[in-house]
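So the sequences go chain by chain: A, B, C and D.
Numbers given in the working numbering equal positions in the first sequence, counted from 1, plus 140.
Numbers given in the working numbering equal positions in the second sequence, counted from 1, plus 140.
Numbers given in the working numbering equal positions in the third sequence, counted from 1, plus 3.
Numbers given in the working numbering equal positions in the fourth sequence, counted from 1, plus 69.
We put the CB at the ideal spot given by N, CA and C, even for glycine.
Working notes, beginning with the structure itself.
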Amino acid sequence: MNQLTTTRQAKLKELRSRMSWQDVGPFAAVIALMILGTTINPTFLSAANLTNVFTRSAFTGIIAIGATFIIGTGSIDLSVGSMAAFNSGMMIIFMNYLVKTWGASWAVILAAMGLSMVLGAVGGLINGFVITKGRIESFIVTLGTMGIFRSLVTYLADGGTLSLNLSMRGLYRPVYYGTLWGIPIPLIAFFVVAVAGAVLLYKTRFGRYVLAIGSNYDVAHYSAINVNRIRTLTYILQGICVAIATIIYVPRLGSASSTTGLGWELEAIAAVIIGGTAMKGGSAKIWGTVAGAVIFSIIGNILNLSDAISQYLNGAVQGLIIIGAVLLQRTSKDQ
Amino acid sequence: MNQLTTTRQAKLKELRSRMSWQDVGPFAAVIALMILGTTINPTFLSAANLTNVFTRSAFTGIIAIGATFIIGTGSIDLSVGSMAAFNSGMMIIFMNYLVKTWGASWAVILAAMGLSMVLGAVGGLINGFVITKGRIESFIVTLGTMGIFRSLVTYLADGGTLSLNLSMRGLYRPVYYGTLWGIPIPLIAFFVVAVAGAVLLYKTRFGRYVLAIGSNYDVAHYSAINVNRIRTLTYILQGICVAIATIIYVPRLGSASSTTGLGWELEAIAAVIIGGTAMKGGSAKIWGTVAGAVIFSIIGNILNLSDAISQYLNGAVQGLIIIGAVLLQRTSKDQ
Amino acid sequence: AQDKVVIGVSIPAATHGWTGGINYWARVTQERLKNTYPNLEIILVTAGSAAEQANTLEDLYAIHNIDALVILPFESDPLTDPVEMLKMQGVFITVVDRGLTKEGIADIYVAGDNHAMGRVSGEYMVEALGGKGDIVVLRGIPTVIDNYRFDSFMEVIEGTEINVLDWQYANWNRDDGFQVMQDFLARFPKIDAVWAQDDDVALGVIEAVKQAGREDELFIVGGAGMKEMIKRVMDGDRLIPVDVLYPPAMIATGMEVTALRFVSNASVLGEYILDATLVTPENAHLYYFPDSPF
Amino acid sequence: MTELALQTKKICKSYGTVPVLFDVDFDLRKGEIHALIGENGAGKSTLVKILAGYHQQTSGQLLRKGQPVTYQSIGAAEADGIVMIHQEFNLANDLTVEENIFLGKEVLKGRLLDKAAMRERSADILQKLGTKINPRTRVKDLSVSDKQMVEIAKALAFNSEVLIMDEPTAVLTSGEVEVLFRIIRGLRDHGVSIVYISHKLDEIKEIADRVTVLRDGYWIATENVSDVSEDDMARLMVGRELSALFPPKDGPPKARAPVLEVRNVSCPKYVSGASFTLHEGEVLGFAGLIGAGRTELMECVVGLRRRTAGSVVYRGKPLSARSYAETIQNNIVYLSEDRKGKGLFTSMRLAPNVTILSLKDHLTKLGLLDSKREDATLDQTIEEFEVRAPSSRALLSQLSGGNQQKIALGKMMQVEPDIVILDEPTRGIDVGTKQQVYYFVRQLVEQGKSCILISSELGEIIGLSDRVIVMRSGVIMGELTGDDINEEEIMLYATGLKGGVVDEPAYHN
Ligand SMILES: Nc1ncnc2c1ncn2[C@@H]1O[C@H](COP(=O)(O)OP(=O)(O)OP(=O)(O)O)[C@@H](O)[C@H]1O
Ligand SMILES: Nc1ncnc2c1ncn2[C@@H]1O[C@H](COP(=O)(O)OP(=O)(O)OP(=O)(O)O)[C@@H](O)[C@H]1O
Ligand SMILES: [Mg+2]
Ligand SMILES: [Mg+2]
């Protein structure tokens with residue numbers, strides 16, 4: 141056979157077979173929504189608005205990157221929103237405490253960031269441990285911890301709001317509102333987390349084991365994969381993603397309360413699934429998840445940019461667009 | 141072999157093998173919680189309190205019976221709480237309208253009940269149709285319809301509350317507060333639905349097919365099961381269960397608003413899973429679900445038994461008890 | 004224990020700032036009353052929804068056998084029947100903030116006036132803008148209370164030249180307030196004022212306005228009396244010139260008068276209407292409680 | 070004395086309270102091919118799973134190179150040079166072929182996966198096996214036989230000292246088997262010890278050095294293969310004499326009425342323009358190499374796969390293209406080759422598996438499922454096919470591979486079919502039962518019913534079919550009758566040396 145000419149053809153073909161509609165679909169949906177947004181209100185395309193939209197997607201987006209791994213193994217984590225609230229609360233308390241002795245300095249912020257990472261990792265570890273050692277459905281365990289984390293933050297805030305010390309707030313603010321090379325920092329963080337997630341998922345053993353477990357638990361077990369360890373690690377990873385999201389979130393409003401992060405879990409899971417990851421596990425698409433998070437953010441924005449329909453129906457429009465976005469991907473794939 | 145003596149032994153053995161801890165576990169958890177409740181406050185065991193607790197479990201319980209079928213096929217339905225709100229709203233509007241011409245009569249109530257059933261079935265049909273024909277994850281579709289139904293009720297109520305005509309309320313009241321042979325009517329309805337569910341699941345072809353689909357989609361397809369039809373039917377069934385729950389709910393508070401039924405979906409799913417049904421499908425336990433719903437109701441009651449711990453921590457206690465109840469089942473099974 | 008009087012207090016769970024305040028004041032008052040009147044027992048329960056609150060009422064009666072109930076209803080209408088059930092059992096009823104939809108159930112009614120809150124906000128808005136300008140409105144969650152406030156507000160500004168560019172629900176939530184305001188700012192080049200109705204939402208709005216650098220263009224009217232906001236008013240913040248009081252401490256009023264009914268001969272039956280006071284830099288110090296979480 | 074690679078001493082094994090192995094002594098020499106045979110459920114798979122560290126024995130001792138060992142965790146035996154090919158596929162369906170081959174043993178470059186190296190090595194090994202499987206295909210898109218090749222590749226990709234193969238050839242055609250044998254012999258010559266389980270006794274005769282026979286969990290005999298004949302082996306397994314494997318055919322074909330007419334059926338990528346006619350009372354064999362498209366053609370015929378063209382007419386009545394349920398109502402039933410993936414519910418009990426196609430016949434007067442009747446049907450199936458199950462309430466996954474296949478056959482027979490389409494019907498079942506299945510098929514056609522038989526075992530096709538159709542790359546190449554039904558003729562058509570012209574298909578695009 142003619143090796144040389146076929147190699148190039150094969151490569152092209154391989155590329156095409158790798159890039160299926162399922163991969164492109166979510167991005168097509170993003171573009172379709174952007175066109176819709178522009179049609180409804182040309183302001184949509186303004187730099188300021190687009191920056192807002194993308195920046196907002198960072199929280200759920202970063203959390204959803206972690207959720208991609210969890211769902212890749214065929215599990216679920218409902219506790220992320222509450223965990224974010226709890227982490228925020230702890231960071232604020234910690235900073236307010238440190239600032240008294242250390243003064244308002246970056247050291248305080250760095251220490252709080254460290255705390256957040258530790259808390260996230262430990263929270264994830266607890267979830268993972270109870271799920272794997274107790275052999276309980278992840279749905280139940282994380283429903284439980286969801287309640288626990290939310291209660292704890294309510295308790296810490298005495299039912300009210302935990303507010304960051306004003307002097308700290310000024311110092312910390314740029315982490316959300318600042319830019320680097322003209323790009324908002326949350327967006328950079330989102331991108332970095334996504335790249336790290338993609339490397340982890342597609343380029344490391346860990347990622348491969350995640351998908352193997354999601355595809356077939358027994359096969360993974362028989363392939364000498366330490367299933368419990370990998371599953372626990374996905375929860376720790378999820379916890380760390382929550383911690384990163386929290387670190388960016390706190391400087392935004394400088395406060396935490398019992399409503400912080402409410403509903404983020406559903407948004408994150410929806411972003412993952414809109415992105416093309418299957419709920420039953422075995423496949424996972426990091427960039428799809430990124431698109432999914434952006435889709436969510438755009439939908440919210442579009443609803444605020446138009447007053448054509450009754451605000452009472454916002455939820456309905458949102459629901460329809462979500463279903464439509466997914467439907468769009470599915471049918472175009474078939475053709 | 142000695143046929144006669146072995147038969148009895150075999151029967152006993154079979155019975156024992158059929159009754160696994162997994163079946164008994166949820167009931168053990170119910171009893172454990174009842175003991176806990178009595179320890180905290182002996183009044184727990186009073187007839188009045190127990191009646192309250194069991195009666196309350198009827199709403200989520202009836203919905204959870206439907207969810208048992210959905211989860212049995214390996215799917216999910218997040219829209220049940222909103223659907224209940226929407227159904228309640230429609231029933232109230234309908235009754236308020238009819239009462240003007242028909243006067244306050246049982247005919248009005250019966251007509252509204254009929255409407256609820258139709259709406260439930262149609263709502264379920266829509267869910268099932270979009271999921272099966274659009275080949276979209278049930279999570280996404282029902283997340284979408286969850287938003288849609290909730291928006292619709294908000295719209296119908298103009299952002300406020302829909303209230304049942306006062307004269308109708310008096311007439312309808314006994315459906316929640318009344319008793320038959322000394323047993324509260326909601327409890328009777330719960331029991332009837334559970335029995336019907338058990339018959340449907342364990343004694344009909346439909347039930348068998350539900351479990352077959354959850355067990356292995358491809359094998360079900362290759363066994364000439366019309367997978368789409370059965371899945372759609374489970375959603376219709378779920379809709380009807382929601383309708384029944386609604387019929388009992390409306391006379392309780394006589395009103396519907398955008399917050400009606402909030403969170404029922406998570407409660408129903410949790411009841412199903414606490415009851416021993418696996419999230420991935422293929423097995424389903426109706427009586428386990430009944431126990432699961434009761435467990436939920438008892439937990440809520442226990443939180444009101446004393447105010448020794450901060451109200452802020454209610455969610456944490458609830459979370460711990462849920463995890464504990466499931467953990468209890470799992471470990472006792474192992475012994 | 005025979006002569007011990009049991010008072011049940013049922014309030015919404017602390018799911019946002021204002022209800023958090025309610026919880027705080029309820030707990031503080033519970034402590035105080037318990038310590039002051041040894042023969043009073045006070046059971047405090049919270050609920051996350053109207054249906055759950057109906058459950059807590061059943062539990063208060065069946066388990067704790069209460070003599071009196073102090074309730075801040077989640078929503079008026081759905082709780083009317085369940086409260087009436089207790090009334091028929093002979094329980095003394097105190098309703099706080101949201102009135103029941105049936106006459107004659109409440110023995111004591113401590114009314115927070117949601118209509119007034121909208122009206123006072125609207126009146127200030129008209130005055131401050133000189134009856135002319137473009138504003139945006141961020142509402143709470145779709146409920147009757149929210150409707151009262153919004154409708155009264157709109158009634159006041161009707162006929163003036165104040166133009167509501169758009170309104171959206173912000174769910175009494177800071178993050179939603181922030182996002183909705185971001186989008187309003189992107190959409191409308193000129194906004195003269197914001198009615199945020201709630202201090203939580205107002206805090207989100209402030210951050211969005213700051214981010215857009217449009218602090219000098221507009222002012223914000225919140226509501227409820229959160230300590231941070233009162234502080235800003237006190238300090239003469241240009242962005243937050245006033246706040247409209249809707250004090251969560253009203254639950255304390257309800258509990259105190261109910262307790263009085265059992266420990267003294269004072270006549271307490273009737274209605275107590277709490278004003279929706281306009282907090283201005285002049286009177287702000289009267290409403291500033293730095294120890295409250297709210 | 071030759072060195073022993075592995076040895077068991079008085080190994081016993083129980084699953085729960087059910088004992089399945091009793092004091093089994095087995096030894097594997099260095100550099101030998103040691104066959105393990107026995108009836109379905111005799112305990113072969115159980116024994117080798119103990120050897121490979123997947124299960125722990127209940128009592129007895131396992132010795133590796135003369136030293137007692139216990140493999141505490143899965144993977145420990147593999148680290149010790151013991152690799153096993155599972156009878157039931159041990160592949161993750163969502164992962165690609167390449168990812169499966171290296172699952173748990175990924176090649177790293179630094180901390181990252183060295184994908185290039187793994188791709189190269191998997192392509193290499195697949196090529197050595199003579200298959201054209203693309204390493205980037207997802208396993209779920211492979212046919213059963215291709216999955217088997219991947220399983221084999223997975224085991225061969227790593228150098229091992231002991232290679233255990235549990236029925237590697239059950240779904241392979243002679244071509245693949247030949248390649249495999251060449252490789253196995255090569256490994257043996259390099260000192261690798263091989264345990265080889267198969268129900269194809271001719272294969273054992275051809276490849277093995279020694280053979281051990283298990284019966285009902287007991288060790289029966291270990292012999293040099295050169296000392297025993299196929300009949301001897303069969304007798305040792307079954308414990309009695311076996312009569313002729315194939316029942317006599319019906320004599321020369323008579324003029325029979327057509328029952329199923331398939332015209333120009335096409336299915337993109339798999340089948341193009343296939344036409345054939347099935348007559349009343351005949352066995353119509355379908356031969357072909359792996360990937361010939363026989364499975365896909367039959368799936369198109371019964372309505373399990375979308376056909377893009379063509380018609381299927383059953384006794385003068387056209388069949389819908391999309392509904393297998395309708396096909397079954399017409400008493401046409403199809404037995405899938407993919408037992409685990411498409412045939413049976415592994416996590417369910419036996420009775421629901423057997424009755425799933427015929428629940429209509431298991432109802433009480435009230436229209437409810439009659440569990441007594443279902444149990445009766447199961448008992449009947451167990452008796453008819455001599456199913457060996459730990460209990461009648463066991464889960465399907467607790468049955469041995471061959472016994473699962475018997476359940477699959479039993480399930481299919483519940484519809485009282487007029488036409489049965491059997492795709493690899495004797496996959497993994499022992500000689501005794503095979504014989505039964507053959508007589509059973511014969512009996513069926515004698516009652517005027519008809520049968521389509523797809524098999525990778527040419528012997529089976531030749532021994533049972535009245536007529537044979539040969540396919541290649543999705544096209545029907547020719548039809549053979551009478552004395553033309555022999556190995557040489559079939560291979561001529563199957564390899565394209567005779568019959569219609571077919572474009573070499575682009576594989577797995
Ligand atoms: N997980 C299990 N639980 C209970 N019993 C089991 C289990 N696995 C196998 N068995 C039983 O052990 C016995 C031996 O099974 P095994 O799979 O070793 O047979 P085999 O010789 O490999 O048969 P085949 O030729 O059909 O593959 C069978 O009776 C089977 O039912
Ligand atoms: N024309 C073709 N083009 C590309 N791939 C093909 C073609 N025909 C078959 N294949 C591939 O070969 C695989 C096997 O096909 P099929 O199952 O129909 O073979 P078969 O004749 O039934 O043989 P066996 O069942 O023994 O493998 C299919 O999964 C398919 O991917
Ligand atoms: Mg076997
Ligand atoms: Mg085939």
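request  = Indicate the three-state DSSP secondary structure (helix, strand or coil) for D:Met306 in the structure shown.
outcome  = D:Met306 falls in the helix class under three-state DSSP.
key: Per-residue burial, C:His288 [other beta carbons within 10 Å of its own, 16 or more giving buried]   = Its Cβ having fewer than 16 others within 10 Å, C:His288 is exposed.
message = In whole angstroms, give me the CA-to-CA distance for A:Gly318 and C:Glu220.
response = Spanning the alpha carbons of A:Gly318 and C:Glu220 requires a straight line of approximately 22 Å.
query = If you run the structure through DSSP and keep just helix, strand and coil, what is D:His348?
reply = Strand at D:His348.
key: Span of the alpha helix (DSSP H) around D:Val293   = Looking at the sequence shown, residue 293 of chain D is not Val but Asn. Element bounds for D:Asn293: not the alpha helix (DSSP H) but the beta strand (DSSP E), 287–293.
task = For D:Gly436, verify whether its CB is less than 6 Å away from any heavy atom of ligand 3.
result = The answer is no for D:Gly436.
request  = For D:Gln136, write down the residues that DSSP places opposite it in a beta bridge.
outcome  = According to DSSP, D:Gln136 bridges with D:Arg133.
query = Less than 6 Å between the CB of D:Pro459 and some heavy atom of ligand 1, yes or no?
reply = Yes; taking the cut-off as 6 Å, the Cβ of D:Pro459 has a heavy atom of ligand 1 nearer than that.
inquiry  = Check whether the region 376–389 of chain A and the region 211–229 of chain A are in contact - that is, three or more C-beta pairs closer than 8 Å.
reply    = With the cut-off at 8 Å, the region 376–389 of chain A and the region 211–229 of chain A touch.
ask   = In the structure shown, what three-state DSSP assignment does D:Ser77 receive?
value = The sequence shown places Thr at residue 77 of chain D, not Ser. Strand at D:Thr77.
query = Using the C-alpha atoms, what's the distance from D:Glu453 back to D:Ile425?
reply = One C-alpha to the other measures close to 18 Å.
ask   = Is B:His361 helix, strand or coil by DSSP?
value = In the three-state reduction of the DSSP assignment, B:His361 falls in the helix class.
task = For the beta strand (DSSP E) containing C:Ile66, list its first residue and its last residue.
result = For C:Ile66, there is no enclosing beta strand (DSSP E), as DSSP marks it with neither H nor E.
request  = Could you tell me the distance, in whole angstroms, from the CA atom of D:Tyr287 to the CA atom of D:Leu90?
outcome  = Their Cα atoms are separated by approximately 6 Å.
query = Name the residues in the region 341–364 of chain A whose C-beta lies less than 9 Å from a C-beta of chain D; which are they?
reply = Hits within the stretch, in order: Tyr342, Lys343, Thr344, Arg345, Gly347, Arg348, Tyr349, Leu351, Ala352, Ile353, Gly354, Ser355, Asn356, Asp358, Val359, Ala360, His361, Tyr362, Ser363, Ala364.
inquiry  = Contact defined as beta carbons within less than 8 Å: I believe D:Leu382 pairs with D:Glu330. What is the distance between those atoms, to the nearest angstrom?
reply    = Strictly speaking, residue 382 of chain D in this sequence is Val, with Leu absent from that position. Going by Cβ atoms, the distance from D:Val382 to D:Glu330 rounds to 4 Å, so yes, they are a contact pair.
inquiry  = DSSP three-state label for A:Pro391, please.
reply    = Secondary structure at A:Pro391: helix, using DSSP grouped into helix, strand and coil.
query = Candidates C:Pro76, C:Leu75, C:Leu47: which alpha carbon is nearest C:Asp62's?
reply = Among C:Pro76, C:Leu75, C:Leu47, the Cα nearest to that of C:Asp62 belongs to C:Leu47.
key: Neighbouring residues, chain D, relative to B:Asn366 (Cβ below 7 Å)   = Simply Ala394.
query = Taking 7 Å as the CB-CB cut-off, is A:Val466 touching chain B?
reply = By the rule that beta-carbons nearer than 7 Å mark a contact, A:Val466 touches chain B.
task = Mind listing, in chain order, the continuous alpha helix (DSSP H) runs of no fewer than 4 residues lying wholly within the region 168–215 of chain A?
result = For the region 168–215 of chain A, whole alpha helix (DSSP H) runs of length 4 or above, ordered along the chain, are 187–212.
inquiry  = Is D:Asn228 close to chain A? Criterion is C-beta to C-beta, closer than 7 Å.
reply    = Any Cβ of chain A closer than 7 Å to the Cβ of D:Asn228 would place that residue at the interface, and such an atom is absent.
query = Between the region 207–224 of chain C and the region 78–95 of chain C, do three or more beta carbon pairs fall short of 8 Å?
reply = Cβ pair count under 8 Å is below three, so no.
message = Within 8 Å, do at least three Cβ pairs link the region 412–428 of chain A to the region 247–263 of chain B?
response = Segments in contact, no.
request  = Starting from the beta carbon of A:Phe194, find every residue of chain B whose beta carbon is closer than 8 Å, and list them in chain order.
outcome  = Neighbours of A:Phe194 on chain B: none; closest Cβ ~22 Å, over 8 Å.
Below-7 Å beta-carbon distance, D:Phe158 vs any chain B residue = Residue contact check for D:Phe158 against chain B: no CB pair falls below 7 Å.
task = With 9 Å as the limit, tell me which residues of the region 270–301 of chain B have their beta carbon closer than that to any beta carbon of chain E; keep them in chain order.
result = This model lacks chain E altogether; the protein chains it does include are A, B, C and D.
inquiry  = To be precise: take each residue of the region 399–432 of chain B, compare its Cβ to all Cβ atoms of chain A, and keep it if any distance is under 8 Å. Which residues remain?
reply    = Hits within the stretch, in order: Leu406, Ile409, Ala410, Ile413, Ile414, Ala418, Met419, Lys420.
inquiry  = Could you check whether the Cβ of D:Lys113 sits closer than 6 Å to any heavy atom belonging to ligand 3?
reply    = Yes.
Where C:Asp203 sits in the DSSP three-state scheme = In this structure, C:Asp203 counts as helix in the three-state DSSP scheme.
message = Buried or exposed, going by whether 16 or more other CB atoms sit within 10 Å of the CB of B:Ile288?
response = B:Ile288 sits buried, since 16 or more C-beta atoms from the chains shown fall within 10 Å of its C-beta.
request  = Determine the DSSP secondary structure at D:Met582, reduced to helix, strand or coil.
outcome  = For residue 582 of chain D there is no data in the structure shown, the boundaries of chain D being 70 and 578.
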